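Asks: Using our numbering, the letters of the sequence shown map in sequence onto residues 1 to 413.
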Amino acid sequence: MRLVALAAGSVLVALPLVGIAQSGVRAIVHASGVTSPVGIVQDPTNQSVQFVVEQGGRIKVVRAGSVLPTVFLDLTMAVLSGGERGLLGLAFAPDYATSGRAFVNFTNRDGNTVIARFKRSADPLVADPASRFDLKWSGSAVIVQPYANHNGGHLAFGPDGFLYVGLGDGGSANDPEHRAQNPRELLGKMLRIDVNVPDADAAGYRVPPDNPFLAGGPAGTRPEIWAFGLRNPWRYSFDDPTLGGTGALVIGDVGQGAWEEIDYEPPRRGGRNYGWRNREGAHNHVTSLQPAFLPLVDPVHEYSRSAGASVTGGFVYRGRALGSAFRGRYFFADYVSGRIWSIALTLDSAGEARTSDLREMNADLGIGRVSVSSFGVDASGELFIADYVGGSILRLTGQSVAPPAPTRPTIVR
1 MRLVALAAGS
11 VLVALPLVGI
21 AQSGVRAIVH
31 ASGVTSPVGI
41 VQDPTNQSVQ
51 FVVEQGGRIK
61 VVRAGSVLPT
71 VFLDLTMAVL
81 SGGERGLLGL
91 AFAPDYATSG
101 RAFVNFTNRD
111 GNTVIARFKR
121 SADPLVADPA
131 SRFDLKWSGS
141 AVIVQPYANH
151 NGGHLAFGPD
161 GFLYVGLGDG
171 GSANDPEHRA
181 QNPRELLGKM
191 LRIDVNVPDA
201 DAAGYRVPPD
211 NPFLAGGPAG
221 TRPEIWAFGL
231 RNPWRYSFDD
241 PTLGGTGALV
251 IGDVGQGAWE
261 EIDYEPPRRG
271 GRNYGWRNRE
281 GAHNHVTSLQ
291 PAFLPLVDPV
301 HEYSRSAGAS
311 VTGGFVYRGR
321 ALGSAFRGRY
331 FFADYVSGRI
341 WSIALTLDSA
351 GEARTSDLRE
361 MNADLGIGRV
371 SVSSFGVDAS
381 GELFIADYVG
391 GSILRLTGQS
401 VAPPAPTRPT
411 IVR
């Protein structure tokens, strides 16, 4: 994601919410008054509560649409925020109801990535700051970031109960050190780790025994690696099997200068190479050095700079409020152009996806183009959208309710 884009020559124009939708769906304001939101995460123990991750270092609590004055966690003194750095990810352990464990991903004051574990306090809406434990990567409490951009930052637990950590290529442009294809580097990869370990575990995680490169692959591959060849995976999600989904992993990966991409991975199909920097989208890019291994897996969908410049990955919709016509469609957006889309997914006999029927959703939702930094889902699979510049959380609904009329920014390039 290019959060710096708004400060780098773009012009913001106030665009009113449309207020007239065309398909019976709407986007309404669920909560407002948050600052630079980059994540929306459902409380696993309370259906009326969501947590909003603010890039500056706070995790706010939204209960029944109201932002509470007490924060779940305040890491502002530990976080280096600005551009593509900051507090970037939050995930609750599958056994959160009993373990009280939450995991966050942030850029520390030295500019490096930290994945930290916290525990819930006696107050279920407040974390215990004294419980912090930083996961150790070959003994180091940080993943060194050589440049200021492409931190990735998202965290998500898969249906298998393991934590997936999406890391950008380390930054600069065109991955100058070819890190996304380097088997000895964690950067530019999707990691998969087992964090269901005792509190006293020295690293805070173990490597699942079925991780794909434990039994083969390029020499020296770090065992935590699940997939190669990502540039900056800005939001990924699993198609929730508990709501009728397939369990597939769907990744939005931000492009360099020509193509944005969506990658689709059937369940339990790790060990893939998504191609960066040898490819951008499905197109040859910098090919002076060989990829770590072949084949390179093409995206299931890509779009050019005529449509946008920084993809925000979303979710396969499995809720009911939008109606059956939207169930199974993948929602995603572009942060820079402010466009929101849904696209149909069709699976073949091997579980691989094809896409069709791309629809721009802004007019249908009754909103102008907004700076979508993240999507979220509630316990029933209903969708939220984080408006980074507007400082609000929108909820998608099928109710015939006209949205309120504050302005939203769009970008004229």
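Yeah, the Cβ is synthetic: ideal placement off N, Cα and C, and Gly gets one too.
Note that the structure is predicted; figures quoted are calculated from it, not measured.
Just tell me which of G161, L68, H178, V71 has its CA closest to the CA of P241.
Replies: Shortest Cα-Cα distance from P241 to any of G161, L68, H178, V71 involves G161.
Asks: What residues in its chain sit with their C-beta under 6 Å from that of F431, if we drop five residues either side in the sequence?
Replies: An answer regarding residue 431 cannot be provided, because it is not within the stretch 1 to 413 covered by the chain.
Asks: Counting pairs of beta carbons, one from the segment 197-207 and one from the segment 173-180, are three or more of them closer than 8 Å?
Replies: In short, these stretches do not touch, since the Cβ pair count stays below three.
Asks: Any idea if T107 is buried or exposed, counting beta-carbon neighbours within 10 angstroms, 16 or more meaning buried?
Replies: With 16 or more Cβ atoms within 10 Å of its Cβ, T107 is classed as buried.
Asks: Just to confirm my understanding: we take N112, look at its own chain, exclude 5 residues before and 5 after, and list those with CB closer than 6 Å. What are they?
Replies: V142, V144, Q145
Asks: Spatial neighbours of F157 within its chain, please: C-beta separation below 6 Å, excluding the five flanking residues on both sides.
Replies: A91, P94, L163
Asks: In terms of residue numbering, what span does the alpha helix (DSSP H) encompassing D364 cover?
Replies: 362-365
Asks: Starting from T98, trace the alpha helix (DSSP H) both ways and give me its first and last residue.
Replies: 96-99
Asks: Measuring CB atoms only, is the segment 45-54 touching the segment 130-137, in the sense that at least three cross pairs come out at less than 8 Å?
Replies: no
Asks: Please report the straight-line C-alpha distance between K244 and G368, rounded to a whole angstrom.
Replies: Before going further, note that residue 244 is Gly rather than Lys in the sequence given. Cα-Cα distance, rounded: 31 Å.
Asks: So what does DSSP say about P241, is it helix, strand or coil?
Replies: helix
Asks: Going by CA-CA distance only, name the one from V126, Q47, N46 that's closest to P69.
Replies: V126
Asks: What does the Cβ neighbour count give for P212, buried or exposed, with the cut at 16 atoms within 10 Å?
Replies: That one is buried.
Asks: Look at R235 and S374 and say whether their C-beta atoms are less than 8 Å apart.
Replies: yes
Asks: Comparing alpha-carbon positions, which option in G139, S138, D253, A219 lies nearest K189?
Replies: D253 is the residue among G139, S138, D253, A219 whose C-alpha sits nearest the C-alpha of K189.
Asks: Assign A21 to one of two classes, buried (16 or more other C-beta atoms within 10 Å of its C-beta) or exposed (fewer than that).
Replies: At A21, the pLDDT of 48 sits below 50, so the modelled position is not reliable and the matter cannot be decided from this model.
Asks: To the nearest whole angstrom, what separates the beta carbons of E302 and W259, a pair I think is in contact under 8 Å?
Replies: 5 Å
Asks: Considering just the uninterrupted stretch of the beta strand (DSSP E) at W341, what are its terminal residues?
Replies: 340-347
Asks: Around the C-beta of R339, are 16 or more other C-beta atoms found within 10 angstroms, so that it is buried, or is it exposed?
Replies: R339 is buried by the Cβ-count criterion.
Asks: Using only the alpha-carbon positions, how far apart do G366 and R26 sit?
Replies: 6 Å
Asks: Could you name the residues that DSSP lists as bridge partners for G57?
Replies: Answer is none; G57 lacks a bridge partner.
Asks: Expressed to the nearest angstrom, what Euclidean distance is found between the alpha-carbon atoms of S32 and V372?
Replies: Approximately 14 Å, taken between the alpha carbons.
Asks: Confirm, please, whether the CB-CB distance from V336 to G319 is below 8 Å.
Replies: no
Asks: Below 6 Å CB to CB, which residues in the same chain sit around H178 once its five sequence neighbours on both sides are set aside?
Replies: Excluding five sequence positions before and after H178, the CB atoms of its chain that fall closer than 6 Å to its own CB belong to L289, given in chain order.
Asks: So, helix, strand or coil for F326, using DSSP?
Replies: helix
Asks: Apart from the five residues just before and just after T287, which ones in its own chain have a Cβ nearer than 8 Å to its Cβ?
Replies: N278
Asks: Across which residues does DSSP place V300 in a beta bridge pair?
Replies: Partner(s): none; V300 has no beta bridge.
Asks: Run through the segment 204-250 for me and flag every whole beta strand (DSSP E) of 3 or more residues, listed as ranges in chain order.
Replies: 225-227, 233-238
Asks: According to DSSP, simplified to helix, strand and coil, what is A353?
Replies: strand
Asks: When the distance is taken between beta carbons, is P295 closer than 8 Å to Q181?
Replies: No, these two residues do not count as a Cβ contact at 8 Å.
Asks: What does DSSP give as the partner residue(s) for M190 in the beta ladder?
Replies: G166, A227
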